[in-house]
Amino acid sequence: MKICIDPGHGGDDPGLQAFGIMEKNINLDIAVKLKQLLEHERIDVVLTREKDDTLEPAERINRINQSEADYAISIHCNGGPVSEKGVETVYGHSSSAGKELAESILKEISNLGIVRRRAYNKLNAKRKDYSFIIRETGIPVVLVETAFITNPSDNHLLSQNPFRKKIANAIATGIFNTIEICQQKSSHWALPFFNGIREEGLVHDEYPLDKQVSWGELSMILFRLLEKFKRKE
Ligand SMILES: [Zn+2]
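Numbers given in this note's numbering equal positions in the sequence shown, counted from 1, plus 503.
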């Protein structure tokens, strides 16, 4: 398994800037932390930039395509009106692997307390993917808009080194869960049972079937089950 991590912007292109921090630096820091976490789990990692380099779009695309990675993760911060906040992930409209990875990363980052906005795809006027980094590359790419740098509370989180570590950790968990889910799809003995409770609406997301369940998750499932019984009475 090989992952290409693309820290958005860099060098002459600072990306968004707000409340004294620059997007290019936040993106690179999360990317480097993510690289360490993935390599610790024996996943090969290639970065499109390792320092504050300026990368033309064509060069960025080249580096992703030449990496021969299975997936690419492009790391960004979002921007907008000051009240907008939360995490978004973007995937290619024809990539089911990209969609799964985007949803998994969205879930993990929102578990940190960042507002869960959406995993989505966006097309341009020619009905192609809007983002060049998704459109021009040959592998599934997920663009992670970690949080809104233009929102005071999201910005505060992004500016904290320990919180950036948590974001990197959440992206790594999102990647591991997706890989595990892909591997278990054909083979796991418990998959029919899990699909059964998912069809009944007791769980909404996919989970690695050998992962432990927390009290929170157990309570959620039991509560939904009780609700079902109440409706039947
Ligand atoms: Zn950006």
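C-beta atoms are modelled at their ideal positions from N, C-alpha and C, and glycine is treated no differently.
| Query | Result |
| --- | --- |
| Contiguous beta strand (DSSP E) assignments of at least 3 residues, all confined to the region 543-580 | 547-550 |
| CB contact flag (I576, I506, <9 Å) | yes |
| For L615, the three-state DSSP class (helix, strand or coil) | coil |
| G518 CB to nearest heavy atom of ligand 1 below 8 Å | yes |
| Proximity test, N528 beta-carbon vs ligand 1 heavy atom, cut-off 8 Å | no |
| Helix, strand or coil at D632 according to DSSP, with G and I counted as helix | strand |
| Assigned secondary structure, F651 (DSSP; H/G/I helix, E/B strand, else coil) | strand |
| S570, buried or exposed, once every other Cβ within 10 Å from all chains shown has been counted against 16 | buried |
| For R621, the nearest candidate out of Q520, I608, G641 (CA to CA) | I608 |
| Minimum C-alpha distance to G511 - residue among N581, E544, N698 | N581 |
| beta-carbon G616 near ligand 1 non-hydrogen atom, thresh 8 Å | no |
| Inter-residue spacing [alpha-carbon to alpha-carbon] between L694 and D556 | 46 Å |
| Extent of the continuous alpha helix (DSSP H) to which K731 belongs | 718-735 |
| When K554, F635, N530, I678 are compared against F666, the one with the closest alpha-carbon | N530 |
| Three-way DSSP call (helix, strand, coil) for D708 in this model | coil |
| Distance, H707 Cα to E720 Cα | 11 Å |
| Neighbour-count burial assignment, F508, 16 or more Cβ in a 10 Å radius | Here residue 508 turns out to be Ile, not Phe, going by the sequence shown. The residue is buried, with at least 16 neighbouring Cβ atoms inside 10 Å. |
| Sufficient close CB pairs (3 or more, under 8 Å) joining the region 584-603 to the region 626-643 | yes |
| Near ligand 1: C580 beta-carbon under 8 Å from a heavy atom | yes |
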